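Trainee: Just dropping this structure here.
Protein chains: 2
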Amino acid sequence: MGETRTGSGRPTTIVDIARAAGVSKSTVSLVLKGSSLVKPETKARVEDVIERFGYVYNRGAANLRTATSSFVGMVISDLTNPFFCELAVGIEEGLYQRGFVPILANTNEDTERQAQVLRSMREHGVGGIIMSPARGTDAWMLASLYSRTMPMVITMRQIIGSPLPYVGPDNQAGARKAVEHLIGLGHRRIGFLGGYATMTTQQERISGWRDAILGAGLPFDDTLVFESMPTRDGGRQAVEASLAHPARPTAVMCYNDIVAMGATRALAMRGLRAGKDMAVVGFDDIDEAEHNAPPLTTVSAETRLMGARCAESLLGLIQGSDPQEMGFTGPTRLVVRESCGAPVSIRQKELA
Amino acid sequence: MGETRTGSGRPTTIVDIARAAGVSKSTVSLVLKGSSLVKPETKARVEDVIERFGYVYNRGAANLRTATSSFVGMVISDLTNPFFCELAVGIEEGLYQRGFVPILANTNEDTERQAQVLRSMREHGVGGIIMSPARGTDAWMLASLYSRTMPMVITMRQIIGSPLPYVGPDNQAGARKAVEHLIGLGHRRIGFLGGYATMTTQQERISGWRDAILGAGLPFDDTLVFESMPTRDGGRQAVEASLAHPARPTAVMCYNDIVAMGATRALAMRGLRAGKDMAVVGFDDIDEAEHNAPPLTTVSAETRLMGARCAESLLGLIQGSDPQEMGFTGPTRLVVRESCGAPVSIRQKELA
DNA sequence: CAAACGCATTGGACCGTTCCAAAAGTCCGC
DNA sequence: GCGGACTTTTGGAACGGTCCAATGCGTTTG
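Residue numbers (my numbering), protein chains in the order written: chain Y, 63 to 414; chain P, 63 to 414.
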């Protein structure tokens, strides 16, 4: 590579190029940014030298002068979770497409680490931050972390009371759609499994569940909410609690796919079959949902798209758009598979 | 935050602090790096101003001067894959612990994108790169991407013929251990499912499989290798091919857990039970392995640790260690669950 | 033929830090 | 009350770019 060209081990700079091409560094700078001011033959000469020297542009130095940055902080609450992983992939793609580069941090649901990481990102000069807040982040905490000069979008977990733009799926509409589907299949007692009322996501999904039940004129029974950790084991516990209920539900809507997978597994262990003995639907449509036994009926949150949308919103913010306009609650899509017990004819109809 | 202190919207700099504290910017710089040269009371005064102004250190500017970088490129071939996701988490943790910050790129197994991303990272001034190469990356391609001045470690997929340090699990020993376990359970015809001979990882795992068979004095039959894509569907195809074999194996070692999950699923669809009608073992011990039906017996690659080790090796390289010394092939651990059909007594023994 | 213009190029200040040689201050003993 | 040693502080160049006002230089134009 060009590092050897200069003689010393020092990497090639714009000045080296200028000297070798017999022009000033200003001209090289102009060529680098494809300015039309420079004469084509000069441009060709400079580009030739750049190529020969294997020159590498130093974006950091440039950014120092222009006080801009092509870095964006991507703060994820739990990368181990396939759902957030998918989100991260979407964000990453969206950023690269727009010439930005993500700095990754996984907070692991730890608010202390989240605070550290946010500070570190500021020091590293990110131009903005996309964050799925760690569980337990409230508006107050967020305010103390946030700097008015740092564009930031919040994703997947709404922080009530915060003015920051929020990008996420329409949890309520999604849950409603799913429960309406269950009602359409003839279910009258439909439970809700997993999550805790402290999570805004759960609140939203529960409210969609309630809307569907009330909207269909069915009796509403809030003892059919079985809270648990949003994990596989939580799903197991919740489904077992629901089976022990004196008037057990014939169908359950789960907080997310992980819970639904735990639930279907626990049913299978007891010799019950999801979709036959109890209808189960999930939320998120993670990759594994399709490969579950039985394949999960679930609500797609279009996670990838949502990630791309985060990137879009943040870059809007960076370019000075009104934060009010940059929020986005995305569409959801019911994906009918087997765990809800829909007959094949319905599954095909929904696909069409 | 302090941005308002300066009057203008411009962020606070070391010079603002110096002026306000009545010292020179050199002194502030000294304080910032905790130098013992500065008198405690001066230090206190400066720190007070820093606090009041909410000053944020500009690492980019500092790095420009010192020609160092606290960024590290983390190039992952397929973040969607839970295995690589786990790896990424390990790397991220390791880097943060050592004061470095990862720039993420997901190449999605695309060598072209890989080339772009590597260039972009150089421009962004990363101090080094950790990369799990995209499928199809050979030593020649790598050489053209690599710059002698850029520390780089390769992980999870060995590139034969490349002098770059490689960090990854001992695939051969791991596979051997797993197959020896199957032999210990009484199996005599043991197949290998998934992957292609072009993948070095498959070569290594296959060679462990062969070693175990030959080592036990069993007849070796290479028609028992059933290649396929390393996906769930690949697993299904491979296991079906194995069932169609005139002398079908009674046990199979799979290329990885994903393949094993596809295989167990396909068996279940045919009314066969993994662990009973056919023993199945996987490789990697991804999170889902434990939750598979039946839970997978697999070889743990200690993925997190391996990620941390990547970080360690890279930082060694950055500090000038000999690349030869920075390679690492990590330990593996057999995790006995149910898919191999081991009786409970053995499962408990292995746990102890 | 000088003024005016357009195009191509350039010098040097600037971004926010670090680093180093040198200056300033403090304390001591003689 | 001055030289020397030590501690603390400082000015300014440097890092690798960008930006802008200024310059040089052909051409056209009044």
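We put the CB at the ideal spot given by N, CA and C, even for glycine. Quick caveat, the model's predicted, so the values are computed rather than measured.
Where do the ends of the alpha helix (DSSP H) carrying P:Cys372 lie?
Mentor: 365-380
Trainee: Return the CA-CA distance between P:Gly152 and P:Arg366, expressed in angstroms with no decimal places.
Mentor: 4 Å
Trainee: With respect to the alpha helix (DSSP H) encompassing Y:Tyr158, which residues constitute its N-terminal and C-terminal limits?
Mentor: 144-159
Trainee: Are P:Ala325 and P:Arg298 closer than 8 Å when you measure CB to CB?
Mentor: yes
Trainee: Can you list, in chain order, the residues of the segment 107-120 of chain Y whose Cβ is nearer than 9 Å to any Cβ on chain P?
Mentor: Gly116, Val118, Tyr119, Asn120
Trainee: If we count Cβ pairs, one from each stretch, closer than 8 Å, do we get three or more for the segment 384-402 of chain Y versus the segment 350-362 of chain Y?
Mentor: yes
Trainee: Consider the Cβ of Y:Gly187: report whether some Cβ of chain P lies at a distance smaller than 8 Å.
Mentor: yes
Trainee: Is the CB of Y:Ser182 under 8 Å away from at least one CB in chain P?
Mentor: yes
Trainee: Helix, strand or coil: how does DSSP classify P:Met212 here?
Mentor: coil
Trainee: So, is the C-beta of P:Gly296 closer than 8 Å to a C-beta in chain Y?
Mentor: It does not: the Cβ of P:Gly296 has no partner Cβ on chain Y nearer than 8 Å.
Trainee: Compute the beta-carbon to beta-carbon distance between Y:Gly296 and Y:Val321, rounded to the nearest angstrom, for a pair I have assumed lies under 8 Å.
Mentor: 6 Å
Trainee: Since P:Val151 meets chain Y, which of its residues come closer than 9 Å, beta carbon to beta carbon?
Mentor: Leu141, Thr142, Asn168, Asn170
Trainee: Return the CA-CA distance between P:Arg395 and P:Pro231, expressed in angstroms with no decimal places.
Mentor: Annotation: P:Arg395 to P:Pro231 spans about 10 Å, alpha carbon to alpha carbon.
Trainee: Flag P:Glu174 as yes if its beta-carbon sits less than 8 Å from any beta-carbon of chain Y, otherwise no.
Mentor: It does not: the Cβ of P:Glu174 has no partner Cβ on chain Y nearer than 8 Å.
Trainee: Which value, in whole angstroms, describes the spacing of the CA atoms of P:Leu94 and P:Ala123?
Mentor: Rounded to the nearest whole angstrom, the CA to CA distance from P:Leu94 to P:Ala123 is 14 Å.
Trainee: With 8 Å as the threshold, decide whether the Cβ of Y:Arg327 is near any Cβ in chain P.
Mentor: yes
Trainee: Applying a beta-carbon distance threshold of less than 9 Å, which residues of chain P neighbour Y:Asn417?
Mentor: Nothing in the structure corresponds to residue 417 of chain Y, since chain Y is present only between 63 and 414.
Trainee: On the three-pair Cβ rule with 8 Å, is the segment 251-258 of chain P touching the segment 384-391 of chain P?
Mentor: no
Trainee: Within a Cβ cutoff of 7 Å, which residues of the same chain sit near Y:Leu141, ignoring the five residues on either side of it in sequence?
Mentor: Excluding sequence neighbours, Y:Leu141 sits near Cys147, Ala150, Asn168.
Trainee: Can you grab the Cα-Cα spacing for the pair Y:Pro393 / Y:Lys239, in whole Å?
Mentor: 11 Å
Trainee: Between Y:Asn233 and chain P, is there a C-beta pair that is closer than 8 Å?
Mentor: no
Trainee: Pick out the complete alpha helix (DSSP H) segments inside the segment 289-358 of chain Y, 4 residues or longer, and give them in chain order.
Mentor: 294-306, 319-331
Trainee: So with CB distances below 8 Å, who are the chain Y contacts of P:Cys147?
Mentor: Annotation: Cβ neighbours of P:Cys147 in chain Y (cutoff 8 Å, chain order): Leu141, Thr142, Pro144, Cys147.
Trainee: Please work out which residues of its chain come closer than 7 Å, Cβ to Cβ, to Y:Met212, disregarding the five sequence neighbours upstream and downstream, and give them in chain order.
Mentor: The answer, listed in chain order, is Arg184, Gly190, Ile191.
Trainee: Would Y:Ile275 count as contacting chain P if we go by Cβ distances under 8 Å?
Mentor: no
Trainee: CA-CA distance, Y:Ala414 and P:Ser224?
Mentor: Residue placement at Y:Ala414 is flagged as unreliable, the pLDDT there being 48, under the threshold of 50; the coordinate-derived value follows with that caveat. Answer to the nearest angstrom: the Cα atoms are 50 Å apart.
Trainee: Helix, strand or coil: how does DSSP classify P:Asn125 here?
Mentor: Of the three classes helix, strand and coil, the one that applies to P:Asn125 here is helix, per DSSP.
Trainee: Taking the continuous beta strand (DSSP E) assigned at Y:Val137, which residues delimit it?
Mentor: 133-138
Trainee: If you count every other CB in all the chains shown that lies within 10 Å of the CB of P:Ser132, and 16 or more means buried, which is it?
Mentor: The residue is buried, with at least 16 neighbouring Cβ atoms inside 10 Å.
Trainee: Does the ligand ATP have even one heavy atom less than 7 Å from the beta-carbon of P:Asn318?
Mentor: By its list of ligands, the structure shown contains no ligand whatsoever, and the ligand ATP lies outside what it can speak to.
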